[in-house]
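Same order as they appear, the protein sequences are chains A and B. Just so we're aligned: 26 in this note's numbering is position 26 of the first sequence, and the numbers increase by one with no gaps anywhere. Just so we're aligned: 470 in this note's numbering is position 204 of the second sequence, and the numbers increase by one with no gaps anywhere. Beta carbons: idealized from backbone N, C-alpha and C, even for Gly. Being a predicted model, the structure only gives us computed values, none of them experimental.
Number of protein chains: 2
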Amino acid sequence: MLAVGKELLIGRTLNTNAYWIGRRLARMGSMLKEVTVVDDDIDEISAALRGIAARSPEFLVVVGGLGPTPDDMTLKGVARWLGVPVRRNPGALGMIRRHYAKRGLAAMRLTPARIKMSMLPAGSEPLPNPVGTAPGVRLDAGKMLVYCLPGVPVEMRSIFRNSIEPEVRKAIGKMHRKYITLKLEGVFESSLAPSIAQALHRHPGAYIKSHPRGIREGVSQIELDIAVVGEERKRTEDEGERIAKEMAGEVERSGGTVRRLSVPRG
Amino acid sequence: MLAVGKELLIGRTLNTNAYWIGRRLARMGSMLKEVTVVDDDIDEISAALRGIAARSPEFLVVVGGLGPTPDDMTLKGVARWLGVPVRRNPGALGMIRRHYAKRGLAAMRLTPARIKMSMLPAGSEPLPNPVGTAPGVRLDAGKMLVYCLPGVPVEMRSIFRNSIEPEVRKAIGKMHRKYITLKLEGVFESSLAPSIAQALHRHPGAYIKSHPRGIREGVSQIELDIAVVGEERKRTEDEGERIAKEMAGEVERSGGTVRRLSVPRG
Numbered sequence: 001m002l003a004v005g006k007e008l009l010i011g012r013t014l015n016t017n018a019y020w021i022g023r024r025l026a027r028m029g030s031m032l033k034e035v036t037v038v039d040d041d042i043d044e045i046s047a048a049l050r051g052i053a054a055r056s057p058e059f060l061v062v063v064g065g066l067g068p069t070p071d072d073m074t075l076k077g078v079a080r081w082l083g084v085p086v087r088r089n090p091g092a093l094g095m096i097r098r099h100y101a102k103r104g105l106a107a108m109r110l111t112p113a114r115i116k117m118s119m120l121p122a123g124s125e126p127l128p129n130p131v132g133t134a135p136g137v138r139l140d141a142g143k144m145l146v147y148c149l150p151g152v153p154v155e156m157r158s159i160f161r162n163s164i165e166p167e168v169r170k171a172i173g174k175m176h177r178k179y180i181t182l183k184l185e186g187v188f189e190s191s192l193a194p195s196i197a198q199a200l201h202r203h204p205g206a207y208i209k210s211h212p213r214g215i216r217e218g219v220s221q222i223e224l225d226i227a228v229v230g231e232e233r234k235r236t237e238d239e240g241e242r243i244a245k246e247m248a249g250e251v252e253r254s255g256g257t258v259r260r261l262s263v264p265r266g
Numbered sequence: 267m268l269a270v271g272k273e274l275l276i277g278r279t280l281n282t283n284a285y286w287i288g289r290r291l292a293r294m295g296s297m298l299k300e301v302t303v304v305d306d307d308i309d310e311i312s313a314a315l316r317g318i319a320a321r322s323p324e325f326l327v328v329v330g331g332l333g334p335t336p337d338d339m340t341l342k343g344v345a346r347w348l349g350v351p352v353r354r355n356p357g358a359l360g361m362i363r364r365h366y367a368k369r370g371l372a373a374m375r376l377t378p379a380r381i382k383m384s385m386l387p388a389g390s391e392p393l394p395n396p397v398g399t400a401p402g403v404r405l406d407a408g409k410m411l412v413y414c415l416p417g418v419p420v421e422m423r424s425i426f427r428n429s430i431e432p433e434v435r436k437a438i439g440k441m442h443r444k445y446i447t448l449k450l451e452g453v454f455e456s457s458l459a460p461s462i463a464q465a466l467h468r469h470p471g472a473y474i475k476s477h478p479r480g481i482r483e484g485v486s487q488i489e490l491d492i493a494v495v496g497e498e499r500k501r502t503e504d505e506g507e508r509i510a511k512e513m514a515g516e517v518e519r520s521g522g523t524v525r526r527l528s529v530p531r532g
């Protein structure tokens, strides 16, 4: 994922889009591999895209910078990276026109700022934006599918669900995930470390990670996350439960207490 | 900034550390140029570091992955990137020992998991962690200063304030920033775009960015941020005020209303 926007770099806006996309993909049994955040700047955007493309992801989602204002320059950055021009896309222009028409604003002129949102890199396809003006963009860059989405969370989410998730699901097949969070008290993370190492050795591919939550009334607090992803639901769930039982046993033997969160953190 | 941790990629943890560091630097008149987030994986960490170093930042802050558990592998990734070994650092080991002693845990053995937190890339210097166990790390990588900080927010913040901010301040000198947020109603972002473009032309170097906040009771809502950074306080403040006045005038002339937020968003 490439997130574009100075507001993310100056502590104006929390990157909840990366959080949401990561969560969504993880729950599908896939995974967000990397996030980069850059400023609204064509050179920075195209340089970041070159770097990401060199690592050959299957999918790349670019979020932010599709709007009508001068700082919205993501599509120009994508075009520069690909070495193609931006062109007025009739499909995108139709979507923008219908967006205003639906809101009873048919009389609104298609000013340059509005037409700007229909200027897509040559060879790309507009994606309908059911809740906002700027269409999303899909383009096939060799072995990598690239999607560009507006940064407004409600618009990003809507286009992601409608236009990206079906393609990701097709690529990964049906996967199951078991996620468990244990709340541990009275054990230090450094004391837990060898048990985690052993459990990871017994369960290769599993995810077991401790998150220290400070000391409360002199007692160390830890959240321990366990995740297993697999093709078969029962096997995946059983393995998750087995790891949780093993880890709980270790913690209790070393004098700590264990409580399972009814809603896991992942 | 390089943030390390699978929890940031699976929607388990919001990257509040990037938000905090970005905000802190912006308020000093500096700026976070780029954020990358990668998984707990030595290859991913070292590859990301190579990519970042190629863009020659003055400072690089690496956050997360300094703890005692097997997934904490940031310092090994840094060492691989630099082509140096990790070595037990006596200064770091002393800090870890004193941390346990201060908490009345002097009897706790320095197990391998605890000693691990003192294994630093050769040539680096430990930074005191006043609120947790794992020391921070500072190292001079040619023209770039690299800092590694634990991912636990309270620890990251404490080391950042004590050990990084003084060096950043020295590098940038005394800078002033004026940040203003205007709440606009009844104007579309696409109608505002030409006024922003003109204001940016009149005030090169200023930051003027609109954040759409949806439609409430049929009325478009926008937050407009204006920021100016400069060496002289009065000039910087005056320029910010001038831009705000110009933008408010434009919005009112086109039929919108303007309210200034007493606490700007930046």
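Residue-chain proximity (residue i, chain B), Cβ-Cβ < 9 angstroms
i: A:G132; result: yes
i: A:T236; result: no
i: A:A26; result: yes
i: A:M73; result: no
i: A:S254; result: no
i: A:P57; result: no
i: A:A193; result: yes
i: A:P212; result: yes
i: A:S46; result: no
i: A:N15; result: yes
i: A:I180; result: no
i: A:P135; result: no
i: A:R12; result: yes
Three-state secondary structure assigned by DSSP to residue i
i: B:I276; result: coil
i: A:T74; result: helix
i: B:R531; result: coil
i: B:M410; result: strand
i: B:P478; result: strand
i: A:A3; result: strand
i: B:T523; result: strand
i: B:E451; result: strand
CB contact below 9 angstroms: residue i versus chain A
i: B:Y413; result: no
i: B:T302; result: yes
i: B:T523; result: no
i: B:L274; result: yes
i: B:S384; result: no
i: B:A514; result: no
i: B:M297; result: yes
i: B:R468; result: no
i: B:G288; result: yes
i: B:D491; result: yes
i: B:F426; result: no
i: B:S528; result: no
i: B:E436; result: Note that residue 436 of chain B is Lys in the sequence shown, not Glu. Not closer than 9 angstroms to any Cβ of chain A, the Cβ of B:K436 fails to qualify, so no.
i: B:A472; result: no
For residue i, the first and last residue of its enclosing alpha helix (DSSP H)
i: A:H201; result: 189 to 202
i: B:G506; result: 499 to 519
i: A:S158; result: 153 to 159
Where the beta strand (DSSP E) through residue i begins and ends
i: B:K440; result: No beta strand (DSSP E) holds B:K440; DSSP gives it neither H nor E.
i: A:S220; result: 219 to 230
i: B:V534; result: A question about residue 534 of chain B goes unanswered here, because the residues of chain B that appear run from 267 up to 532.
C-beta contact flag for residue i and residue j at 9 angstroms
i: A:C148; j: A:V62; result: yes
i: B:W286; j: B:S312; result: no
i: A:E223; j: A:K183; result: yes
i: B:K475; j: A:E7; result: yes
i: B:G343; j: B:G331; result: yes
i: B:S461; j: B:M513; result: yes
i: B:D491; j: B:I438; result: no
i: A:G29; j: A:M175; result: yes
i: B:V403; j: B:L341; result: yes
i: A:A122; j: A:R87; result: yes
i: B:V301; j: B:V270; result: no
i: B:N283; j: B:G417; result: yes
i: B:P401; j: B:A367; result: no
i: B:D306; j: B:D338; result: yes
i: B:L393; j: B:I362; result: no
Residue i: CB within 8 angstroms of a non-hydrogen atom of the ligand ADP
i: B:I362; result: Questions concerning the ligand ADP fall outside what the structure shown contains, since it holds no ligand whatsoever.
Threshold first: 4 residues or longer. Then list the alpha helix (DSSP H) segments lying entirely within the stretch 20 to 66 of chain A, N to C.
42 to 54, all fully within the stretch 20 to 66 of chain A.
Go through the stretch 99 to 137 of chain A residue by residue and report every complete run of the beta strand (DSSP E) that reaches 3 residues or more, in order.
Segments of the beta strand (DSSP E) lying fully in the stretch 99 to 137 of chain A: 119 to 121, 125 to 127.
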